[in-house]
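Read in order, the letters of the sequence shown correspond to residues -19 to -1, 1 to 260 in mature numbering (1 follows the signal peptide of the UniProt record, and there is no 0).
A virtual CB, placed ideally from N, CA and C, is assigned to each residue, including glycine.
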Amino acid sequence: MKNSILLLCVIFSLFQTYAQNNDEVNYGSNLENGRHISVNNSTIYYETYGQGTPLLLIHGGLGSIMNYENSIKDLSKHFKVIAMDSPGHGRSSHLDSLSYQILAENVSHFIDKLGLDSLYVIGWSDGGIIGLLLAAERPDKIKKLVAISANTRLSAIKQQDIEWMKNGMIAWAKNENGWWMKNQFPLRSQPEKVDEYLDNTKKMWLVDINIDDAMIESIKIPTLIMQGDKDVIKTEHALELNRAIVNSQLCILPNTSHFVFGSKPDLVNRIIIDFLNGK
């Protein structure tokens, strides 16, 4: 009898270990969970996790839901996470042209299509720029914003990174053995249009002015400005955004690059959850 009980305990322990090791979700490719919704004659792909206040995640340029793979699990313990592939990106349908205003307009319609009356937004990099536009234009919907590594003008980006955008980005993305071709290209709904997508992204990145000062100063919702101290965005620009947005907080992460969710995901998650749950 004792041996039988011991055997059952061993089997149960092995099952628990197996379940824990197989609890990983393939965020961005969790197709059983994912949905497509029609927005402005195109489709947007999204995945939903958790319960509570809706929290929309907007990823960076050349990215997808995968950018948040180190955060969705933690965030979904506190909020109803809606992780989207931005218009023209990932599994969402291709767009013939890209601009921050076009992306923000499509995301705004996406919010309305889902019937969301009140939500929080986290935007990283290009997603942070979109988040700032939404905060200015849709305060009826957006109640709190976390804008991470966002810039409102080209001069806020360090010169060496501007040069990379001009002369190196497309070659980097099209490297057959590189990260983007292995992880992002396979998601695209129209892979034959990849050259157009990369050219449009480059043009969007090199726009001289993304958002004017008056629009930033009009933002009144609680906003957290965050970036790494080794970011491609100049630290002085984060300070400017913090000063311009009346109800904002500033967080500069030590020893952290532009890729905050890869560098220090646990720290970033804790700071975000604390900010969104605060009064």
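Chain-order list of residues whose beta-carbon lies under 6 Å from that of residue i (same chain, five-residue window excluded)
i: Asn236; result: none
i: Ile18; result: Ile25 and Lys94
i: Gln230; result: Leu205
i: Ile253; result: Val127
i: Ala225; result: Ile197 and Glu198
i: Asn14; result: Glu28
Buried versus exposed call for residue i [16 or more other C-beta atoms within 10 Å across all chains shown]
i: Pro167; result: exposed
i: Asn48; result: buried
i: Asn191; result: buried
i: Gly243; result: exposed
i: Val62; result: buried
i: Glu157; result: exposed
i: Lys147; result: exposed
i: Val241; result: buried
i: Glu144; result: exposed
i: Ser78; result: exposed
i: Arg251; result: exposed
Assumed close pair residue i, residue j - CB separation to whole angstroms, cut-off 8 Å
i: Gln171; j: His75; result: 4 Å
i: Ile53; j: Tyr101; result: Contact flag wrong, Cβ pair sits at about 14 Å.
i: Leu115; j: Ile123; result: 5 Å
i: Lys215; j: Ser238; result: Actually they are not in contact, since the Cβ atoms of Lys215 and Ser238 sit about 14 Å apart, beyond 8 Å.
Alpha-carbon to alpha-carbon, residue j and residue i
i: Asn258; j: Met196; result: 26 Å
i: Asn2; j: Glu221; result: For Asn2, the pLDDT reaches just 38, beneath the cut-off of 50, and the residue's location in the model is therefore unreliable, although a value from the coordinates is still provided. So the two alpha carbons sit approximately 44 Å from each other.
i: Pro246; j: Asn51; result: 6 Å
i: Cys232; j: Met207; result: 5 Å
i: Ala154; j: Trp160; result: 8 Å
i: Gly96; j: Ser67; result: 18 Å
i: Ala85; j: Met185; result: 13 Å
i: Ser136; j: Asp189; result: 8 Å
i: Asn223; j: Ile83; result: 25 Å
i: Arg119; j: Ser89; result: 8 Å
i: Asp194; j: Ala117; result: 11 Å
i: Leu113; j: Glu5; result: 32 Å
i: Ser23; j: Gln141; result: 35 Å
Same chain only: Cβ atoms within 7 Å of residue i, ignoring 5 sequence neighbours per side
i: Met150; result: Lys183
i: Ile111; result: Ile39, Tyr81, Leu84, Ala85, Val88 and Gly104
Short CB-CB distance (under 8 Å) between residue i and chain C
i: Thr237; result: Absent from the structure: chain C. Only one protein chain is present.
Strand pairing of residue i, partner residues [DSSP]
i: Ile190; result: Arg134
i: His17; result: Tyr26
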